[in-house]
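Peer 1: Here it is: the structure, laid out below.
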Ligand SMILES: N[C@@H](CCC(=O)N[C@@H](CS)C(=O)NCC(=O)O)C(=O)O
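In our numbering, the protein residues as written are 1105 to 1506.
Right, dumping it as structure tokens:
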């Protein structure tokens, strides 16, 4: 027999408390990081984008986490999804992110920020000024350009597209050779700033080329896969790591455009990603707490989640409780109200990693939103915008109860 959805109070009673953010593992939700130090020791404030979509912010964020430097976080909107906060424009007239305050001095440009951090706190593994790190940095820029060219240029003919793919594949081989040249999985004999520099765009290339070109970066390049696997053993990286779905839909407005190749292999990968099956996005198994992590994160923002859903008048609120009931007890099926499928799918498409929760929790939540929606029908929520992401305005989410 079909079950009725649990009430919000019943769901709250089943939710664990949120993890410790100040001294615990790396988390996108943290506003203050102390690593066991006292608040008086904080010399750094990182200004980073609210949704953790900005690659340059990720580079600085990871560096601070790896070095365990006490810091505060101030989250700022990117123009593609929100209005730039006036207090930030007054401090940084260009509005660009990241920015960092060190002992009261404001620094912009991620490279300059890392150099200033290194001067104040010492290098991460190997100095940014070291010739070997500079070589890796040059390689990263060439990799970045080859990726942009393949992904973001329209390529008038199939031959142009193939050429861009070959250029990228040559760069991926050069990256593999650099990784294979050292013992161990990293660019240098120890984990270092060189790896941190490569993280943001390697992660974005892996996600976007899978979905838009049907190209599996990790499968095609075992040394790159080994590098990712080694990163996935670091809690610092896991806290900043995004997933394929998030990048595939946050990149178009940031890059101008991402062009699908339209070939059969690409369409298959796109569909697999939509179905939640993209094995190359992580080497890790789902941890046992994934479902409850998803629950606690939805509970925190439930008022705003309902308020911003364009299908909220179509039974979305009880449908959401239904999905959460199914998340906790999949064997006792809760059927959502008739007409609620689009609202559930709208939410499914807007879970952002790591902004909202970790990769496995997000996978689990997307799955249950889809399986619950499917009990109602096949009504879709409509396409995700590609020129902007104003549907992701952070303001309604800013006043969630602590
Ligand atoms: N060269 C800069 C690039 C920073 C950059 O392009 N930031 C983008 C976000 S990824 C930005 O803040 N754009 C303004 C906006 O989106 O509001 C750096 O390395 O810090």
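Each residue gets a CB set at the ideal place from its N, CA and C atoms; glycine is no exception. On a predicted model such as this, the values are computed, not experimentally measured, just so you know.
Can you tell which of 1283, 1147, 1342 has its C-alpha closest to the C-alpha of residue 1461?
Peer 2: Mapped onto the chain shown, residue 1461 falls at position 357. Residue 1342 is the option with its Cα nearest to residue 1461.
Peer 1: Looking at residue 1492: is its Cβ nearer than 8 Å to the Cβ of residue 1252?
Peer 2: Your numbering for residue 1492 matches position 388 in the chain shown. Your numbering for residue 1252 matches position 148 in the chain shown. No.
Peer 1: Considering only the alpha carbon of each residue, which of 1199, 1188, 1297, 1372 lies closest to residue 1232?
Peer 2: Residue mapping note: residue 1232 aligns to position 128 of the chain shown, counting from 1. Looking at the Cα atoms, 1297 is the closest of the given residues.
Peer 1: Output the distance between the C-alpha atoms of residue 1300 and residue 1248, rounded to the nearest integer angstrom.
Peer 2: In the chain shown, residue 1300 corresponds to position 196, counting from 1. In the chain shown, residue 1248 corresponds to position 144, counting from 1. Approximately 14 Å between the Cα atoms of the pair.
Peer 1: Any heavy atom of ligand 1 closer than 7 Å to the CB of residue 1187?
Peer 2: Residue mapping note: residue 1187 aligns to position 83 of the chain shown, counting from 1. Result no, Cβ not under 7 Å from ligand 1.
Peer 1: Does residue 1226 pass the burial test, meaning 16 or more other C-beta atoms within 10 Å, or should it be called exposed?
Peer 2: By one-based count along the chain shown, residue 1226 stands at place 122. With fewer than 16 Cβ atoms within 10 Å of its Cβ, residue 1226 is classed as exposed.
Peer 1: Report whether the distance from the Cβ of residue 1213 to the nearest heavy atom of ligand 1 is below 7 Å.
Peer 2: Taking the first residue of the chain shown as 1, we reach residue 1213 at position 109. Yes, since a heavy atom of ligand 1 falls inside the 7 Å radius drawn around the Cβ of residue 1213.
Peer 1: Could you check if residue 1201 belongs to the surroundings of ligand 1, using beta carbon to heavy atom distance under 7 Å?
Peer 2: Here the question's residue 1201 lines up with position 97 in the chain shown. Yes - ligand 1 has a heavy atom lying nearer than 7 Å to the Cβ of residue 1201.
Peer 1: Grouping DSSP H, G and I as helix and E and B as strand, with all else coil, what is residue 1425?
Peer 2: In the chain shown, residue 1425 corresponds to position 321, counting from 1. In this structure, residue 1425 counts as helix in the three-state DSSP scheme.
Peer 1: Quick check: what's the CA-CA separation for residue 1179 versus residue 1402?
Peer 2: Reading the chain shown from its first residue, position 75 is the one you call residue 1179. Reading the chain shown from its first residue, position 298 is the one you call residue 1402. Cα to Cα, the separation comes out at about 20 Å.
Peer 1: Three or more C-beta pairs closer than 8 Å, one from the region 1425 to 1442 and one from the region 1316 to 1331: is that the case here?
Peer 2: Verdict: no, contact absent.
Peer 1: What alpha helix (DSSP H) runs, 4 residues minimum, are completely inside the region 1216 to 1288?
Peer 2: 1235 to 1256, 1262 to 1284, all fully within the region 1216 to 1288.
Peer 1: For the region 1418 to 1438 and the region 1111 to 1131, state whether three or more C-beta atom pairs, one from each stretch, are separated by less than 8 Å.
Peer 2: Flag = yes, the region 1418 to 1438 and the region 1111 to 1131 touch.
Peer 1: For the region 1171 to 1201, which segments carrying the alpha helix (DSSP H) assignment without a break, of at least 4 residues, lie completely within its bounds, in sequence order?
Peer 2: Segments of the alpha helix (DSSP H) lying fully in the region 1171 to 1201: 1190 to 1195.
Peer 1: Whole angstroms is fine: what's the gap from residue 1261's alpha carbon to residue 1242's?
Peer 2: Counting from one through the chain shown, the residue named residue 1261 turns up at place 157. Counting from one through the chain shown, the residue named residue 1242 turns up at place 138. Straight-line Cα distance between these residues: approximately 30 Å.
Peer 1: Tell me whether residue 1361 sits in a helix, a strand or coil according to DSSP, three-state version.
Peer 2: Taking the chain shown and counting its residues from 1, one reaches residue 1361 at position 257. Residue state, collapsed to three classes: coil.
Peer 1: Taking Cβ positions, are residue 1166 and residue 1386 nearer each other than 8 Å?
Peer 2: Taking the chain shown and counting its residues from 1, one reaches residue 1166 at position 62. Taking the chain shown and counting its residues from 1, one reaches residue 1386 at position 282. Taking 8 Å as the Cβ cut-off, residue 1166 and residue 1386 do not qualify as a contacting pair.
Peer 1: By alpha-carbon positions, which one of 1160, 1482, 1255 ends up nearest to residue 1366?
Peer 2: Position 262 of the chain shown, counted from the first residue, corresponds to residue 1366. That would be 1255, whose Cα lies nearest to the Cα of residue 1366.
Peer 1: Measure from the alpha carbon of residue 1346 to the alpha carbon of each residue in 1151, 1273, 1326, 1161, then state which is nearest.
Peer 2: Here residue 1346 refers to the residue found at position 242 of the chain shown. Comparing Cα-Cα distances from residue 1346 to each of 1151, 1273, 1326, 1161, the minimum goes to 1161.
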